[in-house]
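**Q** In full-length UniProt numbering, the protein residues as written are 1 to 232. Here a beta-carbon is modelled for each residue, glycine too, at the ideal position from N, C-alpha and C. Quick one: the structure is below, questions incoming.
Here's what the structure looks like:
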């Protein structure tokens, strides 16, 4: 089977878990994904089947949209709530007005330092592997674009937001950096990817549906409109 399957990933699953499940459940040989979604996050995961796996570069380069919640006063090594706590610091001085002003500094073209807990490589080793050994190395800041970063509501120490970002943007690091800008700390508490390129969560198939559907029904969810970009 060849094509693109838009999956609504559940919290706790890795992107690899989703691909392995689909490969086993539907007895498919070639299954991959474009655009890793952290275990903490839910929402749109683009799964590539058969010849569509050759389109990884095309889909991984897509812009992405998210809705999420960050929490002030906590710093972790991964920049999300599931990481190892590094520090707990006061946040009570932060006001809603300060948050609205601060977020303006995180729009447009930026340079972002990736977190230690990430799959990027340093001298041949994954950063998360070094982090597990207690090592912290210098990371080169990478250019990103934040097209939109809006505060939806504030329930201190929680901040609910939506954002639209370019390829390679770590939303958990946006939360971390915003916390530092507010003279406190910040971590990502939850995240949902609502769009990846042209695909939205409204058209995604859930993990539960994949678990219960007849294998022959999978084809109804597989898109083939982009396969013309792939050679035979």
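Whole-angstrom Cβ separation of residue 201 and residue 18, contact assumed at under 8 Å?
**A** With a Cβ gap of about 14 Å, residue 201 and residue 18 do not count as contacting.
**Q** How is residue 82 classed by DSSP in three states: helix, strand or coil?
**A** DSSP places residue 82 in coil when its eight states are reduced to three.
**Q** Which of the three DSSP states is assigned to residue 217 in this structure?
**A** Secondary structure at residue 217: helix, using DSSP grouped into helix, strand and coil.
**Q** Looking at the structure shown, is residue 27 part of a helix, part of a strand, or coil, going by DSSP?
**A** coil
**Q** Return helix, strand or coil for residue 89, following the three-state DSSP convention.
**A** coil
**Q** Between residue 208 and residue 9, what straight-line distance do the alpha-carbon atoms span, to the nearest angstrom?
**A** 10 Å
**Q** Candidates 11, 193, 37, 175: which alpha carbon is nearest residue 112's?
**A** 175
**Q** Given a threshold of 16 other Cβ atoms within 10 Å of its Cβ, counted over all protein chains shown, does residue 159 qualify as buried or as exposed?
**A** buried
**Q** Does the region 133–144 come into contact with the region 96–103, if we say contact requires no fewer than three beta-carbon pairs (one atom in each stretch) closer than 8 Å?
**A** no
**Q** Which class does residue 62 belong to by DSSP, given the choice of helix, strand or coil?
**A** Coil, per DSSP.
**Q** Can you tell me which of the three DSSP states residue 55 falls into?
**A** helix
**Q** List the endpoints of the continuous alpha helix (DSSP H) containing residue 184.
**A** It is not in any alpha helix (DSSP H) - residue 184 carries neither H nor E in the DSSP assignment.
**Q** Any chance the region 59–71 sits against the region 182–199, with 3 or more Cβ pairs inside 8 Å?
**A** Because the criterion of three Cβ pairs below 8 Å is met, the region 59–71 and the region 182–199 touch.
**Q** Please classify residue 147 as buried or exposed, where buried requires at least 16 neighbouring CB atoms within 10 angstroms.
**A** Exposed, since its Cβ has fewer than 16 Cβ neighbours within 10 Å.
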